[in-house]
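Here the sequence shown is numbered in our numbering, starting from 286 and rising by one per residue. Note that beta-carbon positions come from the ideal geometry of N, C-alpha and C, so glycine has one too.
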Amino acid sequence: MAQALEIISDEDRYYRADNFPKGLTRKVVESISHIKNEPAWLTEFRLEAFKIYESKPMPSWGFFPNFKVDIDEYVHYIGANHKKKKSWDEVDPEVLKSFERLGIPEHERKYLAGIEAMEDSETVYANVKKELTDLGIIFCDIDTAIREYPDIVRKYIGTVVSIGDNKFSALNSAVFSGGSFAYVPKGVKTPMPLQAYFKVSAASSGQYERTLLIAEDGAELEYSEGCSSVQDKGTNFHTAVVELIAHKNSKIFYTTIQNWKKNMYNWTVKRGLCHEAAHITWTDVNIGANTIKYPGIVLQGDNSTGDILSLAFAGSAQIQDTGARIIHVGKNTRSNILAKGVSLDGGINSYRGLVKFTTGSSNAYSHVKCDGLMMDDRSQSHAYPYNDVSGQNGTLNYEATVSRIDEDQLFYLQSRGLSEDDAKLLIINGFCEGVTKHLNVEYSVEMTRLIRMILEDGKVISEHSDSAVS
């Protein structure tokens with residue numbers, strides 16, 4: 286008698302989108318790919334990443350030992366049954382409040398090229414103006430790109446940040462969901478910033494967006510994103526991977542303001558690759574969360590250039606371990622790093638950076654400046670620069686400062702008619718200005734408001750005080 290074949294239904298083989306358990310297993314990875322109806326090559330990409338993730342230990346350097354996180358205590362996919370919205374009026378009012386806090390609605394109505402909103406694991410709002418399409422620019426969420434532009438995604442995904450780069454790049458590669466995709470064709474410039482927004486609202490969950498931006502020869506791509514999370518008792522875990530590819534003579538300008546809740550763990554891997562005479566600028570602002578993040582640039586092509594501008598605020602029970610990584614490979618390459626850190630209410634702020642001149646990087650130049658400002662005697666500021674100069678005729682300049690608000694400055698400003706709170710605001714805004722001046726107008730205005738809120742929360746200034754400082 287022939288043995289009956291066991292038939293396993295999809296309901297048994299895969300988890301439902303709205304019913305993922307805690308923890309990370311092969312079934313979790315396969316279920317995400319199944320729900321998204323992904324091609325076989327991407328399922329294999331995810332499963333290979335899962336194997337690498339399991340094989341790699343948790344990092345033990347830097348501030349990682351301070352982050353007591355059990356990844357198996359998080360749900361790694363939140364379907365939430367969201368459908369993409371095409372009309373601004375359809376968006377959840379709670380999401381709109383988050384947009385308004387960053388000044389995005391007015392920006393969108395005026396000239397925003399396209400905007401994506403991602404809540405938890407899925408994109409909930411996507412709108413791309415016809416102007417972009419007419420120029421041949423592709424801007425969408427990464428899941429749409431995998432379906433509609435699989436050849437481009439397959440060509441570039443994992444080429445700048447490899448699956449095995451570290452434990453968290455492997456984790457993201459296994460379970461990523463949502464994130465931005467942009468492709469700007471040869472010689473085309475984005476007519477206005479492309480913009481995305483990410484929000485975490487589910488307690489005890491992980492969010493793993495994947496962003497891939499490509500500028501072809503002579504193209505120029507400007508991209509901005511904002512991030513926030515809902516305050517609750519449970520922690521959240523966030524690890525994103527961002528890959529930028531700047532081809533010959535192209536430019537990419539990437540700006541992010543991450544305004545997470547304090548009890549969130551944020552470990553993000555961001556890296557760009559510059560080909561001949563290309564340029565990349567990272568402008569990175571970190572507020573809230575316990576963060577480990579070092580945006581990087583590989584200056585592979587001759588005459589390529591890169592800038593990394595970083596600003597971080599560390600408040601009570603927060604560690605902000607941020608910085609930059611730049612690798613000079615080509616000849617006549619140039620880089621600049623400006624890192625600003627503000628510590629208050631017992632927070633710990635650190636700059637951790639790497640500048641490397643490889644053996645073939647003749648006539649390379651890099652300038653590094655990191656400044657720490659401590660608001661009280663309980664807070665900490667650190668700098669951990671790593672400089673590896675192996676190329677010929679290279680020049681690297683490094684400077685760092687750590688300081689407190691100068692009492693003489695405060696006295697002088699108060700003698701000119703400012704209150705003590707306004708004087709502190711003026712000094713701190715001036716300290717941050719080297720980074721904030723590169724934000725667009727809407728973000729720059731909102732950043733000023735956020736700085737005030739941070740200082741009020743850290744009891745540096747009194748709450749709801751009238752201010753002459755705008």
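In its chain, beyond the 5 residues on either side, S601, R663, S664 have a beta carbon closer than 7 angstroms to the beta carbon of G631. If you look at E684, you'll find it in the beta strand (DSSP E) that goes 680 to 689. Pairing L594 with I612 gives a Cβ-Cβ distance that is not under 8 angstroms. Note: G557 is bridge-paired with L529, I582 in the DSSP secondary-structure output.
For I611, the enclosing beta strand (DSSP E) has its first and last residue at 604 to 613.
Between the beta-carbon of V640 and that of L596 there is about 19 angstroms, and that puts the pair past the 8 angstroms contact cut.
Taken in chain order, the whole alpha helix (DSSP H) runs of length 4 or more contained in the segment 299 to 377 are 311 to 320, 325 to 340. Using a Cβ distance threshold of 8 angstroms, N634 and G657 count as a contacting pair.
Taking C-beta separations shorter than 7 angstroms and ignoring five residues to either side along the sequence, the partners of T524 in its chain run F453, L456, N457, Y493, W552, T553, following chain order.
Per DSSP, the continuous alpha helix (DSSP H) segment holding I437 begins and ends at 435 to 441. Per DSSP, the continuous beta strand (DSSP E) segment holding Q665 begins and ends at 665 to 674.
In the structure shown, Y697 adopts helical secondary structure according to DSSP, grouped into three states. Annotation: the continuous alpha helix (DSSP H) that includes S454 extends over 452 to 460. Straight through space, the alpha carbons of R298 and K312 are spaced by roughly 8 angstroms. In the three-state reduction of the DSSP assignment, D419 falls in the helix class. Annotated three-state conformation of A574 is coil, per DSSP. Look at I622 here: in three-state DSSP terms it is strand.
A distance below 6 angstroms between beta-carbons, with the five flanking residues on each side excluded, links F466 to the following residues of its chain, in chain order: C425, I427, A430, L497. Partner residues in the beta bridge of S635, as assigned by DSSP, are D606, H667. Judged by DSSP in its simplified three-state form, Y728 adopts helix. When secondary structure is reduced to three states using DSSP, D297 falls in the helix class. Nearest to G581 by alpha-carbon distance, out of I530, F598, G573, D436, is I530.
Three or more beta-carbon pairs separated by less than 8 angstroms are not found between the segment 642 to 653 and the segment 689 to 707, which leaves the two stretches without contact. Inclusion of V460 and H361 in the CB contact set at 8 angstroms is warranted, their separation being smaller than that value. In this chain, the beta strand (DSSP E) harbouring L658 covers 650 to 659.
Residue range 495 to 500 is occupied by the beta strand (DSSP E) that includes I499. W346 and N678 have their C-alpha atoms spaced approximately 32 angstroms apart.
Within 10 angstroms of the beta-carbon of G715 lie fewer than 16 other beta-carbons, which makes it exposed.
Look at I746 here: in three-state DSSP terms it is coil, with no helix or strand label. Leaving aside the five residues that flank S535 on each side, the residues in its chain whose CB is nearer than 7 angstroms to its CB run, in chain order, A500, E501, D502, G503, A504, E505, A563.
By the neighbour-count definition (other C-beta atoms within 10 Å, threshold 16), A334 is a buried residue. Bounds of the beta strand (DSSP E) holding L594 are 590 to 599. Taking 8 angstroms as the cut-off, the Cβ atoms of V653 and I622 count as close. In the displayed model, K474 falls within a strand according to three-state DSSP. Boundaries of the alpha helix (DSSP H) harbouring K709: 705 to 721, taken from the DSSP string. The criterion of a C-beta distance shorter than 8 angstroms is not satisfied by R689 and M732.
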